[in-house]
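Student: Heads up: the protein sequence lines correspond to chains A and B, in order.
Residue numbering for the first sequence follows the working numbering, beginning at 1 and increasing consecutively.
Residue numbering for the second sequence follows the working numbering, beginning at 1001 and increasing consecutively.
For reference, the structure I am asking about is given below.
There are 2 protein chains.
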Amino acid sequence: MKHAKNNIEESTCKIADEICLPDSTLPCVVIIGGGFAGLALVEKLKNKELQVILFDKNNFHQFQPLLYQVATSALQPDSIVFPFRKQINGYKNVLFRLAEVEEIQSSSNTIITNKGKVHYDYLILATGTTTNFFGMDNVESHSLGMKDIRDSLNIRHLMLQNLEQAAITCDEKERDALTNFVIVGGGPAGVEMAGALAEFRKYILPKDYPEYPSSIMNIYLIEAIDELLSTMSDKASSMTLKYLKDLDVQVLVNESVSDYDGTQVTTKSGKTILAKNLIWTAGVKGQFPKGIDEKHVVRGNRIKTDANLKVEGYENIFAIGDIAAIITEQTPKGHPQVAQAAIQQGKYLGDTLLKLMKDEPIKPFEYKDKGSLATVGKRKAVADLGKFKFAGYFAWLLWSIVHLMSISGFRNRLMVGFNWTVSYFSYEKSNRVIIRNFKPKASVKNTKK
Amino acid sequence: MKHAKNNIEESTCKIADEICLPDSTLPCVVIIGGGFAGLALVEKLKNKELQVILFDKNNFHQFQPLLYQVATSALQPDSIVFPFRKQINGYKNVLFRLAEVEEIQSSSNTIITNKGKVHYDYLILATGTTTNFFGMDNVESHSLGMKDIRDSLNIRHLMLQNLEQAAITCDEKERDALTNFVIVGGGPAGVEMAGALAEFRKYILPKDYPEYPSSIMNIYLIEAIDELLSTMSDKASSMTLKYLKDLDVQVLVNESVSDYDGTQVTTKSGKTILAKNLIWTAGVKGQFPKGIDEKHVVRGNRIKTDANLKVEGYENIFAIGDIAAIITEQTPKGHPQVAQAAIQQGKYLGDTLLKLMKDEPIKPFEYKDKGSLATVGKRKAVADLGKFKFAGYFAWLLWSIVHLMSISGFRNRLMVGFNWTVSYFSYEKSNRVIIRNFKPKASVKNTKK
């Protein structure tokens, strides 16, 4: 590698004056994406003998596991996002630049952003995934994914607008469509969303919308295979199914969506459901700037790396988090695309880069599965922690504590904790405000940019 | 009036099936706008022998006095807005409909909304004001008003984007323009905004943007007449000026803006200021649906009413809040357009309508000025309470308590109180996140719709 120890002659981060960067004689580590993986890496590299530049298209880190609570009005958006600049306050060697990276030119060790070019010595891709509609354009145009904070707010706004419209219309069929929700995908995001909607229907709808019986709101959860939460234990899957049924969620397994026109969902088995609200959590695909040789891109649009997370075919480009796939006999599909794996990879790569720079020997990445948690609603959660598999109040309490402690920022933790406490006793979801008048299709494309 | 006591024969609220409303034999009071005046009226009419229908284009009440704190990242938007449906939970005779009222057809006692027609027996206009750019299209296209929560978020987003861009550019002139702020209007909104920006510059900028010295950010406050807070006492005006100078705000009195192209502000006296951030708080004008005879519209686009707030020339149309102008010898310009007057008018009209319906005698509206408060920053505020005029820590404490107690909703009060407490000790403004990528001009028009 270019920058082995003491082998640096001049500032290399900056090219021309397009993006202003301080002169530095340190090796330049460019990280694209400040999700769980990117931030874990920043933490490892802070105040070391490296110039770190973090690029992100947002100025904040998002705590994705709680997006569904913003979508269902339980939390305000500001409390699950955290400004990068606050995170890196006082880190002498870390810079943040708000820019979208459009292309990697590996031959010249350069990235092209929408704000200009930047040189790198080491490039780290931590760009994560986006919603995968598997080429179904009709579904994509009319439904909503739930991968970032804007998606969550869009869901919240569309949902509340439709519930308001249902109070205005006298057409029963239209009212049914406006109040029905279809969630596609029985993974944690889909299960948690279905549960949160069911609680909204149970506790908020009768008080807020006396105009119509809350029973007209139907919630469907559609899963392509034969069980929910398929990556968790059988106990977790079956308890989740029970909890959702207790909350009157209609779970359809071995079923999938074949078409959607904004009002009617058609399934593969030929069923039709009238619903103006379709939330798609059924798949993700990797997203990254162009310039990575296609032969290193594997299933799910992930990037194949070696056991040290170095992208195959490149000497100084690495991938971490959901985008990275270490394909071995033990992990034929790569590691799971979860926060835990992303954080562990970010930390690992930080240590590894520091060792590489000192010409010290490095070890391959090893994933430690700390277990899985998912919640369906108040006092309803499932936990798989090694041999211990349990469900109910204690799992829910554990879920709450783990999530609360993982949120960035003392203030955010307090805000979320406070909101949860109030809502625990009052069953309230107070943030049910439509701040942007959101409409799908036309607007989705704009607001995602 | 049509519905004197016991003179009601049939349901009159509903026309056709355009907007679904329950059948009712009660007189139908339609209120347009759920600001301070509209909500105070709703509170007076709740659970009385009337069918009340509140229309608003938003599903929430907004606490306008704190908009500037959302704009400057001190508060999250959700904590100063409050869902109407939560407010009216359990009010048996009050309905809310999310719709924009487009026209009043007084000859048939009907309003036309974007969702359909509705009949009224009594119509109350509580539609408030919007930013008045006094016909300066260039200024309107490139600057931002601060009249609702979307305006606040737009300011926040634009400000943070510009500060980010200033960290990217190497062009010093561009960086100056990106970091300079011009606030036009030396009333409470302008003064409070200027103070909050100055505190942002003092406490946040040096930590968050080590890329450039915080001294490059200039804050200008431009006021057309010779003093700030002209409706308050001389002591308040002069102390405010002192506080702002202490915070390094450049106050220009007897000055006004004549042109703005998005980068350069030109003033009447010929001065030019380079600034990509212009916040306009220099004027408001009444906004209301068409259909009110122009001869009853007075200065500032307000509607002339009699001493009972009945609109001149109509038997059953009333106006309350900022939109209403009771023109007498004592109040040649109408009452001040402030929250206090709006609340008092809403309460008064509630009592008056109930009396009218029982054929009881009514008294004219009397405004009780409870005094004025304005804050420039932490421990810096001014108060005029009758004969007591004071400034400093105690005024600031009073301002904080009065505002905290006036916010709708227990949870909101706690959230704001908590944020203020944290920020009092930490000088933090934690919500500095750009959730929507806002650009002025093109987008402004869209997002305001």
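Yeah, the Cβ is synthetic: ideal placement off N, Cα and C, and Gly gets one too.
Helix, strand or coil: how does DSSP classify Lys1117 of chain B here?
Tutor: Residue state, collapsed to three classes: strand.
Student: Quick check: is the beta carbon of Arg432 of chain A nearer than 8 Å to any beta carbon in chain B?
Tutor: Yes - at least one Cβ of chain B is within 8 Å of the one on Arg432 of chain A.
Student: Just to confirm my understanding: we take Tyr1314 of chain B, look at its own chain, exclude 5 residues before and 5 after, and list those with CB closer than 7 Å. What are they?
Tutor: Excluding positions up to five away in sequence, the list reads Ser1106.
Student: Quick one: residues in its chain with C-beta nearer than 7 Å to the C-beta of Asn1138 of chain B, no 5 flanking neighbours on either side, listed in chain order?
Tutor: Hits under 7 Å: Asp1259, Tyr1260, Asp1261.
Student: In this structure, what does DSSP give as the bridge partners for Asn277 of chain A?
Tutor: Partner(s): A:Phe181.
Student: Could you give the distance in angstroms between the alpha-carbon of Asn1431 of chain B and the alpha-carbon of Arg150 of chain A?
Tutor: Spanning the two alpha carbons is a distance of roughly 15 Å.
Student: Kindly indicate which residue of A:Lys46, A:Gln69, A:Pro65, A:Gly34 has the alpha-carbon position closest to the one of Asn59 of chain A.
Tutor: When each option's Cα is compared against that of Asn59 of chain A, the closest is A:Gly34.
Student: Among A:Asp78, A:Thr129, A:Phe63, whose alpha-carbon lies nearest the alpha-carbon of Val1070 of chain B?
Tutor: Taking only the C-alpha atoms, the option nearest Val1070 of chain B is A:Asp78.
Student: Could you tell me the distance, in whole angstroms, from the CA atom of Arg1436 of chain B to the CA atom of Glu1172 of chain B?
Tutor: Rounded to the nearest angstrom, the two C-alpha atoms are 27 Å apart.
Student: What are the residues in the region 1049–1078 of chain B lying within 8 Å of chain A by C-beta distance?
Tutor: Per Cβ criterion, the list reads Asn1058, Asn1059, Phe1060, Gln1076, Pro1077, Asp1078.
Student: Would you mind stating whether Val284 of chain A and Thr130 of chain A have Cβ atoms separated by less than 8 Å?
Tutor: It is a contact, given that the beta carbons lie within the stated cut-off.
Student: Taking the alpha carbon of Tyr1427 of chain B as the point to measure from, which residue in B:Asn1308, B:Pro1206, B:Ile1112, B:Lys1268 has its own alpha carbon closest?
Tutor: The residue with the shortest Cα to Cα distance from Tyr1427 of chain B is B:Pro1206.
Student: Just tell me which of A:Asn154, A:Lys44, A:Cys28, A:Tyr122 has its CA closest to the CA of Ser73 of chain A.
Tutor: Among A:Asn154, A:Lys44, A:Cys28, A:Tyr122, the Cα nearest to that of Ser73 of chain A is on A:Asn154.
Student: With a CB to CB cut of under 7 Å and the five nearest residues on each side skipped, what residues in its chain are close to Ile327 of chain A?
Tutor: The answer, listed in chain order, is Val298, Lys304, Gly334.
Student: Mind checking the region 1128–1152 of chain B against chain A and listing, in chain order, the residues whose C-beta falls within less than 7 Å of any C-beta there?
Tutor: So the close ones are Ile1149, Arg1150.
Student: So, Gly1450 of chain B versus Ala1037 of chain B, is the Cβ gap smaller than 8 Å?
Tutor: Because chain B in this structure spans residues 1001 to 1449, residue 1450 of chain B falls outside the shown range and cannot be described.
Student: For the alpha helix (DSSP H) that Val433 of chain A lies in, which residues bound it at each end?
Tutor: No alpha helix (DSSP H) contains Val433 of chain A, which DSSP labels as neither H nor E.
Student: Count the other CB atoms within 10 Å of the CB of Asn1419 of chain B; is the residue buried (16 or more) or exposed (fewer)?
Tutor: Buried, by the Cβ-count rule.
Student: Determine whether the Cβ of Lys86 of chain A lies closer than 8 Å to any Cβ atom of chain B.
Tutor: Interface residue, yes.
Student: Could you please tell me which residues of the region 1400–1421 of chain B, in chain order, have their CB closer than 9 Å to any CB of chain A?
Tutor: From the region 1400–1421 of chain B, only Gly1409, Phe1410, Arg1411, Asn1412, Leu1414, Met1415, Phe1418, Asn1419 have a Cβ closer than 9 Å to chain A.
Student: By the criterion of Cβ-Cβ separation under 7 Å, what are the contact partners of Pro1083 of chain B in chain A?
Tutor: Ordered by position in chain A, the residues that pass the 7 Å Cβ test against Pro1083 of chain B are Arg432, Val433.
Student: Among B:Ala1040, B:Pro1065, B:Glu1329, B:Phe1133, whose alpha-carbon lies nearest the alpha-carbon of Asp1351 of chain B?
Tutor: Of B:Ala1040, B:Pro1065, B:Glu1329, B:Phe1133, the residue nearest in Cα terms is B:Ala1040.
Student: By the 9 Å beta-carbon criterion, what residues does the region 1167–1184 of chain B contribute toward chain A?
Tutor: Under the 9 Å Cβ criterion, the region 1167–1184 of chain B contributes Ala1167, Ile1168, Thr1169, Cys1170, Asp1171, Arg1175.
Student: Can you have a look at Lys268 of chain A and say buried or exposed, based on whether 16 or more other CB atoms are within 10 angstroms of its CB?
Tutor: It counts as exposed.
Student: Between Glu1164 of chain B and chain A, is there a C-beta pair that is closer than 8 Å?
Tutor: So yes, Glu1164 of chain B belongs to the interface.
Student: Check whether the region 24–33 of chain A and the region 1169–1184 of chain B touch, using three or more Cβ-Cβ pairs below 8 Å as the test.
Tutor: The region 24–33 of chain A vs the region 1169–1184 of chain B: no contact.
Student: Buried or exposed, going by whether 16 or more other CB atoms sit within 10 Å of the CB of Leu1197 of chain B?
Tutor: Under this definition Leu1197 of chain B is a buried residue.
Student: Please confirm whether Asp208 of chain A and Asn1093 of chain B have their CB atoms less than 8 Å apart.
Tutor: Not closer than 8 Å, so no.
Student: Please state whether the Cβ-Cβ distance between Leu244 of chain A and Ala194 of chain A is less than 8 Å.
Tutor: Yes, they are a contact pair.
Student: I'd like to know whether the C-beta atoms of Asp495 of chain A and Leu98 of chain A end up nearer to each other than 8 Å.
Tutor: Not covered by the structure: residue 495 of chain A. The range shown for chain A is 1 to 449.
Student: In the DSSP assignment, what are the bridge partners of Thr266 of chain A?
Tutor: Answer is A:Asp259, A:Thr272, bridged to Thr266 of chain A.
Student: Under a CB-based cut-off of 8 Å, is Asn254 of chain A close to chain B?
Tutor: Judged by the 8 Å Cβ criterion, Asn254 of chain A is not in contact with chain B.
Student: Is there a Cβ from chain A that is less than 8 Å from the Cβ of Ala1196 of chain B?
Tutor: By this cut-off, Ala1196 of chain B is not an interface position.
Student: According to DSSP, what are the bridge partners of Pro83 of chain A?
Tutor: DSSP output for Pro83 of chain A lists A:Phe60 as bridge partner(s).
Student: According to DSSP, is Ile1204 of chain B helix, strand or coil?
Tutor: Of the three classes helix, strand and coil, the one that applies to Ile1204 of chain B here is helix, per DSSP.
Student: Which residues bound the beta strand (DSSP E) around Lys1285 of chain B?
Tutor: Taken as a continuous stretch (DSSP letters only), the beta strand (DSSP E) holding Lys1285 of chain B covers 1284–1286.
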